[in-house]
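Enquirer: This structure is in structure tokens; I'll ask about it shortly.
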Amino acid sequence: MNQSPFEMRFDPQTIKHLGLRMYSTLAPALAEIISNSYDADATNVIVTLIEDKRNPKEIKIKDDGVGISYEEINDKFLVIGRNRRDAEGDKPSARYKRLPTGKKGLGKLALFGLVKTITVTTVQACKLNELVLNWDDLMAARGSYRPKATIINQDTKSFEGTVISMTGLKRKTSFDFNGLADSLSRIFLFDDTFNLLIESPSGDRISIDNKKKYSLLNKEFDWSLESPFLVPPGSWICREN
Numbered sequence: 002m003n004q005s006p007f008e009m010r011f012d013p014q015t016i017k018h019l020g021l022r023m024y025s026t027l028a029p030a031l032a033e034i035i036s037n038s039y040d041a042d043a044t045n046v047i048v049t050l051i052e053d054k055r056n057p058k059e060i061k062i063k064d065d066g067v068g069i070s071y072e073e074i075n076d077k078f079l080v081i082g083r084n085r086r087d088a089e090g091d092k093p094s095a096r097y098k099r100l101p102t103g104k105k106g107l108g109k110l111a112l113f114g115l116v117k118t119i120t121v122t123t124v125q126a127c128k129l130n131e132l133v134l135n136w137d138d139l140m141a142a143r144g145s146y147r148p149k150a151t152i153i154n155q156d157t158k159s160f161e162g163t164v165i166s167m168t169g170l171k172r173k174t175s176f177d178f179n180g181l182a183d184s185l186s187r188i189f190l191f192d193d194t195f196n197l198l199i200e201s202p203s204g205d206r207i208s209i210d211n212k213k214k215y216s217l218l219n220k221e222f223d224w225s226l227e228s229p230f231l232v233p234p235g236s237w238i239c240r241e242n
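If you want it as structure tokens, here you go:
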């Protein structure tokens with residue numbers, strides 16, 4: 002079998018620390034990947050939770066962003082600790098003029114605190130690439146890891162975008178679908194250009210948006226201003242001593 006063209010270089014202890022300890026709960030780890038979708042100018046992101054007889058089997062995050070090219074996989078995606086802002090500056094994205102939210106290039110490692118295997122399938126400019134990252138193989142690689150390349154620059158008519166598939170989940174209990182939706186809604190601010198959906202194992206869907214975000218807040222008080230007191234320009238307010 003030919004050697005994979007993709008390579009990740011790292012310090013094993015750093016990877017172990019970041020992958021296992023950076024995140025211990027699902028929502029913040031998934032938020033790292035969703036942030037990448039936002040930075041890739043995605044309009045729609047769908048998080049799908051898959052179970053088999055109430056046992057967690059897979060999580061998929063699919064977006065319709067610009068995708069990752071063959072060159073960018075090695076030069077950007079697989080570079081640990083790459084600071085996008087230092088490398089490219091805070092320039093707005095091409096489609097929606099978004100400023101980057103990703104910081105240190107560590108988001109992919111966050112998932113290894115929750116799963117064993119991460120499959121990345123991505124399309125950019127009619128070229129399909131796919132690679133598989135495995136935690137056990139990564140730890141055995143000792144400083145230089147070549148993830149399995151399953152598809153390399155294959156011509157495709159598929160739309161641009163990326164799918165992150167996570168298998169070998171460490172959790173043993175069924176997904177808290179509604180709780181995860183609530184947690185994700187607290188993390189993000191939304192606008193009309195960014196739609197986030199979460200799909201339960203039974204196929205139910207929740208739209209995660211500002212409406213849901215603010216519905217979780219408890220109202221402390223409210224007020225109304227029917228006739229605000231206005232001071233005419235040039236007037237003085239006199240107070241008695």
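Here the sequence shown is numbered in the working numbering, starting from 2 and rising by one per residue.
Backbone N, C-alpha and C fix where the C-beta goes; we use that ideal spot for every residue, glycine too.
It should be emphasised that the depicted structure is a prediction, and the values quoted were computed from it without experimental measurement.
#1: Would DSSP call C239 helix, strand or coil?
#2: When you compare only the Cα positions, how much space is there between R99 and V48?
#3: Is there contact between the stretch 110 to 126 and the stretch 27 to 45, where contact requires at least three CB pairs shorter than 8 Å?
#4: Is the stretch 178 to 186 in contact with the stretch 151 to 168, if contact means three or more CB pairs nearer than 8 Å?
#5: Starting from I153, trace the beta strand (DSSP E) both ways and give me its first and last residue.
#6: Of all the options C127, I74, S166, which has the alpha carbon lying nearest to the alpha carbon of S5?
#7: Buried or exposed: where does D64 fall if 16 or more other Cβ atoms within 10 Å of its Cβ makes it buried?
#8: For V46, which beta-bridge partners are listed by DSSP?
#9: Measure the C-alpha to C-alpha separation of I188 and L218 and round it to an integer number of angstroms.
#10: Check Y97 in the structure and name its three-state DSSP category.
#11: Looking at the structure shown, is P29 part of a helix, part of a strand, or coil, going by DSSP?
#12: Cutting at 8 Å between CB atoms, please list the residues of its own chain near T102, excluding the five before and the five after it.
#13: So for K77, helix, strand or coil by DSSP?
#14: Rounded to whole angstroms, how far is the Cβ of I34 from the Cβ of I62, which I believe are closer than 8 Å?
#15: For S225, does the three-state DSSP call read helix, strand or coil?
Expert: So, to answer that:
#1: Note on C239: pLDDT 48, under 50, position unreliable in the model; no value is reported.
#2: 21 Å
#3: yes
#4: no
#5: 149 to 156
#6: I74
#7: buried
#8: D64, L197
#9: 13 Å
#10: coil
#11: helix
#12: S36, Y39, D40
#13: helix
#14: 5 Å
#15: coil
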